[in-house]
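Listed in order, the protein sequences are those of chains P and G.
Note that my numbering has the first sequence beginning at 27, numbered continuously upward.
Note that my numbering has the second sequence beginning at 27, numbered continuously upward.
Number of protein chains: 2
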Amino acid sequence: MNKIVIDRNKETPIYLQLYSQLKRFIENGSLPPGYKLPTIRSMAKELGVNIITVVNAYRLLEENGYVYTRVGSGTYVCEGIQRDRDLIEDIELSEHREIPVKKGTINFASSSLNPELFPVDEFAELINRVLKRDRGYAFEYQDSRGYKPLRESILKFVRLYGIETGVENIQVISGGQQGIDVVSKALINFGDTIVVERPTYSWALASFQSRGADILEVNLNKDGIDIEDLEDKLKKFKPKFIYVMPNFHNPTGILYSDEKKEKLVGLAEKYETYLLEDDFAIELSFTETDVFPLKAFDKYDRVIYLKSFSKVHMPGLRLGFIIAPEKLVSSFLKAKYVTDLTTSGLMQRAFDLYLRENIWKKHIEEVKGVMRERFEKMKEGLTQLKSYFEFDIPKGGFYYWVKLKDNWKAVDFYQKCLERGLLVVPGDMFFGIKKEDNFLRLSFASCDVQEIEKGIEILRQVLSEGQNENEMYLPII
Amino acid sequence: MNKIVIDRNKETPIYLQLYSQLKRFIENGSLPPGYKLPTIRSMAKELGVNIITVVNAYRLLEENGYVYTRVGSGTYVCEGIQRDRDLIEDIELSEHREIPVKKGTINFASSSLNPELFPVDEFAELINRVLKRDRGYAFEYQDSRGYKPLRESILKFVRLYGIETGVENIQVISGGQQGIDVVSKALINFGDTIVVERPTYSWALASFQSRGADILEVNLNKDGIDIEDLEDKLKKFKPKFIYVMPNFHNPTGILYSDEKKEKLVGLAEKYETYLLEDDFAIELSFTETDVFPLKAFDKYDRVIYLKSFSKVHMPGLRLGFIIAPEKLVSSFLKAKYVTDLTTSGLMQRAFDLYLRENIWKKHIEEVKGVMRERFEKMKEGLTQLKSYFEFDIPKGGFYYWVKLKDNWKAVDFYQKCLERGLLVVPGDMFFGIKKEDNFLRLSFASCDVQEIEKGIEILRQVLSEGQNENEMYLPII
């Protein structure tokens, strides 16, 4: 076994030190699945620590799904925990059309609107107005916090969603992923703990991992994150922040209840941590009730609000913003410098006009109409397949999150769909610890209703054909 | 004193573990300037290590300027080593015009051409051609490695500078700073060692620090980095990479000799490390001889070539590229994902045409002409002031790196210039360990010849007035 080092001078309690190190050895595969951990007694003796310390560490490992106990036999490492990087690589490639996806493949994988929905003409005009008005100044280094008129427009924009803030709290960023990266740089030091929803956005996971964070996952219930488990982890681990997508979550489509939003903000205050709210799709609500971001509930200045303009406007803008709690403004600015100094002035200036002159409203109305149609179409199709699938109906956004029945593995399913010309995303990549392998994310962001119909038909074929054609056993009738 | 932890199971030799920890305590100020380290004997005893181990660690600290020895007395922490973050913040602010810089202030601080020199009309036309041709596709997520036609154009472009590579080695990035960030993410893990030139670009330092790197500085000679000291450090520390700016270095303006470039590549191969070549200004040579990047000398695939289009074209493009050694291609791609997924498609497509149709050549010729004039003007002015300054004549780029005589402190000098309407950069921010405090970087990137004349006049006034008007002593006549 790898060497475990206990440092009694550290502030971290010893059982947590032991837990973290065992966790890491399990994740990196040096303690392989099925490995039997030393008995509590022998571990305690070897490390010169209390028996209760080891008991606590093992219990935490079990609670977090790293090990299981067989009564009378011992403690064993669970299957499927080693972080699966290969799959992520597969998906990267497929999302960027580098695997040989046949022409005409139907894309239930993309989180981006199809380009025909982009407000290109409006934007082309705005760009030209800016070029004429600002000339070279549009191509200079900009204020690293963002072009001031844009930050003022953003102030008005967020007010529509119940957010009151100041222009000095707004940090412009080059897209949502950069926002995650900037916050990670500012807040995560090697070995710090953070909390994410389970499942969550895979490239956020990658960003946190890249900073050397210890990542704790908390399950999502239908109305949002599991508050009890969260509070338990906040108490034990004092994480730097909690990363959440409360509005039409990626990949599950879940919308947090207002009650949960309020509780969450309260917990952040109580345990002196921050909430990183990634709000990429709040505009795309299919319900009649108003949806407010977590930030609108933020009495305590504990929410870092991150908004990308990529998903519902255009990815190519490479534009978004953070609303920073007072205390974090300067550390985000510094991280922004290190990351890319400044965001494109041309895009900032054009987008300022787009917000300022309310051109965005027309676009959002149009997109909402189209998305609702696609959402309904996919609902209709999936409902017909519900003997194979379990899923909830999302209240907005782009995604259906479906659980395959009948022991299907999502990766196999993905492969069979691809062979027939349909791209889906296996759910595995949205989990830090890989246990569930039977989820799919189906997106209707980039397919029109005809394509959705065809895609559903492929799903039906793959499902009805079953997974067993090359296996040795047949279903029992 | 902070607790020093020696881990005998680590691969790192014990004297290096001791060195790194002491170094960190000195840098973070927990061992303050003037602090007397424990005697070698007592340190050895306390840690349970050999005397020779402590001797080696102390010697290394001394070699790197962290401590000094007083014979018969002991080993003391040097002055001015604590990383000076406040100054960097000052400069950030001033470079972004957030300190109350009076209108009409002459800017010898900027590294960016003045916007009147940008090829705005050409670019506006290209942008419009792309908008018409590609419409929404210009605003989609792009291939994370970069838009393929642009990568092909880059291939042809670098061939002009003697670089032969393949399109699969080219990674498009959103500006030079992002390139540094991407390479840092891919290669630096917490506690890894890297080497930089002394002095070096401050936001590269910040990026490496942000990844938790141990940074070693190697002095620059007139023909490039000090090879002997470098080899010594490579031998001892096995750094992940060496960050260099061989062509018209920032801030010194130094151009490496071809001989040194060759040696450097050989050393990287010998010690199995990489060279990160930041090549922001090779186009702006004022000599008749051809200048080739380090990458052109790279027989061993050891050079990571990083090129920004910000400095000699337009910062607002937020565009540049990396040529990655074969082995690093996929780790850079992954880091690019985590950083911002993709670079603006519109800019990539417009810049592709700009390269492909050789529009850039006309622009560079124009800029070179203007820069040469400014360079000459500043030379003339500074030469008249050479009783106050020491400096070398750069062979290209934007910068004069001058050493103040007469015990001037650069920060005081900066302040006095600012009061009179001239912005200069104190050299302190380009050093990791702050020892020298009497250097200035004077840039002629954004001032026309009239402004340079005025700026020089202000320098003359500040210098001739002297630094002592409010002091209690007068010059001895």
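We treat Cβ as the ideally placed atom computed from N, Cα and C, and that holds for glycine.
Give every residue of the same chain whose Cβ lies closer than 7 Å to the Cβ of residue 574 of chain P, excluding the five residues on either side of it in the sequence, and list them in chain order.
Look at the range of chain P in this structure, 27 to 503, and you will see that residue 574 of chain P is not part of it.
Counted within 10 angstroms of its Cβ, other Cβ atoms place residue 37 of chain P as buried (16 or more) or exposed
exposed
Please work out which residues of its chain come closer than 7 Å, Cβ to Cβ, to residue 419 of chain G, disregarding the five sequence neighbours upstream and downstream, and give them in chain order.
Excluding residues within five positions, the ones whose Cβ falls inside 7 Å are 405.
Going along the chain, which residues of the region 240 to 255 of chain G sit with their C-beta nearer than 7 Å to a C-beta in chain P?
none
Boundaries (first-last residue) of the beta strand (DSSP E) holding residue 386 of chain P:
Note, residue 386 of chain P: premise wrong, no beta strand (DSSP E); alpha helix (DSSP H) at 385 to 410.
Does any residue of chain G bring its CB to less than 9 Å from the CB of residue 457 of chain P?
no
Where does residue 487 of chain G fall in DSSP's three states?
Note: residue 487 of chain G maps to helix in three-state DSSP.
Rounded separation between residue 355 of chain P and residue 361 of chain P - CA only:
Rounded to whole angstroms, residue 355 of chain P to residue 361 of chain P spans 10 Å at the Cα level.
Residue 319 of chain G and residue 331 of chain G closer than 9 Å at C-beta:
yes
What is the DSSP secondary structure of residue 452 of chain G, reduced to helix, strand or coil?
strand
Can you name, in chain order, every residue of its own chain whose Cβ lies under 7 Å from the Cβ of residue 167 of chain P, other than the five neighbours on each side?
367 and 368
Could you give the distance in angstroms between the alpha-carbon of residue 140 of chain G and the alpha-carbon of residue 211 of chain P?
Whole-angstrom Cα-Cα distance: 31 Å.
Quick check: the Cα distance between residue 21 of chain G and residue 277 of chain G, rounded to an integer number of angstroms?
Outside the shown range of chain G (27 to 503) lies residue 21 of chain G, about which nothing can therefore be said.
With C-beta atoms as the reference, is residue 202 of chain P less than 9 Å away from residue 334 of chain P?
Against a cut-off of 9 Å, the Cβ pair of residue 334 of chain P and residue 202 of chain P comes out as a contact.
Tell me the residue span of the beta strand (DSSP E) that contains residue 368 of chain G.
That residue, residue 368 of chain G, is in no beta strand (DSSP E); it is neither H nor E in DSSP.
Considering only C-alpha positions, which residue in the set G:195, G:55 and G:77 is nearest to residue 106 of chain G?
G:55
Residue 424 of chain P and residue 312 of chain P closer than 9 Å at C-beta
no
Taking a cut of 9 Å between CB atoms, which residues from the region 455 to 486 of chain G lie near chain P?
none
If you count every other CB in all the chains shown that lies within 10 Å of the CB of residue 452 of chain G, and 16 or more means buried, which is it?
Buried, by the Cβ-count rule.
Would you kindly work out how many angstroms separate the C-alpha atoms of residue 498 of chain G and residue 433 of chain G, rounded to a whole number?
Legend: pLDDT at residue 498 of chain G = 43, less than 50; position of this residue unreliable, no value from coordinates given.
With a threshold of 8 Å on Cβ separation, who are the neighbours of residue 94 of chain G within its own chain once the five nearest residues in sequence on each side are excluded?
88, 101, 102 and 104
Chain P partners of residue 340 of chain G, CB-CB under 7 Å?
165
Looking only at its chain, what residues have a beta carbon closer than 8 Å to the beta carbon of residue 209 of chain G, apart from the 5 residues adjacent to it on each side?
267, 302, 330, 332, 348, 358 and 361
Nearest-angstrom Cα separation, counted from residue 63 of chain G out to residue 83 of chain G:
12 Å
Please list, in chain order, the chain P residues whose beta carbon lies closer than 8 Å to that of residue 264 of chain G.
The premise fails here: residue 264 of chain G is roughly 20 Å from chain P at the closest Cβ pair, so nothing lies under 8 Å.
Would residue 193 of chain G pass as an interface residue toward chain P - the criterion being a Cβ-Cβ separation below 9 Å?
Residue 193 of chain G does not count as touching chain P.
Neighbour flag for residue 157 of chain P against chain G, beta carbons, 9 Å
yes
Does DSSP put residue 246 of chain P in a helix, in a strand, or in coil?
If DSSP states are grouped into helix, strand and coil, residue 246 of chain P belongs with the strands.
Please list, in chain order, the residues of the region 350 to 363 of chain P that have any C-beta partner in chain G closer than 7 Å.
Only 363 from the region 350 to 363 of chain P bring a Cβ to less than 7 Å from some Cβ of chain G.
DSSP three-state assignment for residue 79 of chain P, whether helix, strand or coil:
Residue 79 of chain P carries a helical assignment under DSSP once its states are collapsed to helix, strand and coil.
Since residue 195 of chain P contacts residue 294 of chain P with CB under 8 Å, what's their CB separation in whole angstroms?
In fact, because the Cβ distance is near 17 Å, the residues do not count as touching under 8 Å.
Backbone CA spacing between residue 345 of chain P and residue 463 of chain G [nearest angstrom]
39 Å
Stretch pair the region 171 to 191 of chain P + the region 392 to 399 of chain P: three plus CB contacts closer than 8 Å
no
How many angstroms separate the CA atom of residue 484 of chain P from the CA atom of residue 467 of chain P?
15 Å
Alpha carbon to alpha carbon, how far is residue 219 of chain P from residue 86 of chain P? Give it in angstroms, no decimals.
Between the C-alpha atoms of residue 86 of chain P and residue 219 of chain P there is a straight-line separation of about 15 Å.
Does the region 441 to 450 of chain P come within contact of the region 376 to 388 of chain P, defined as at least 3 CB pairs closer than 8 Å?
no
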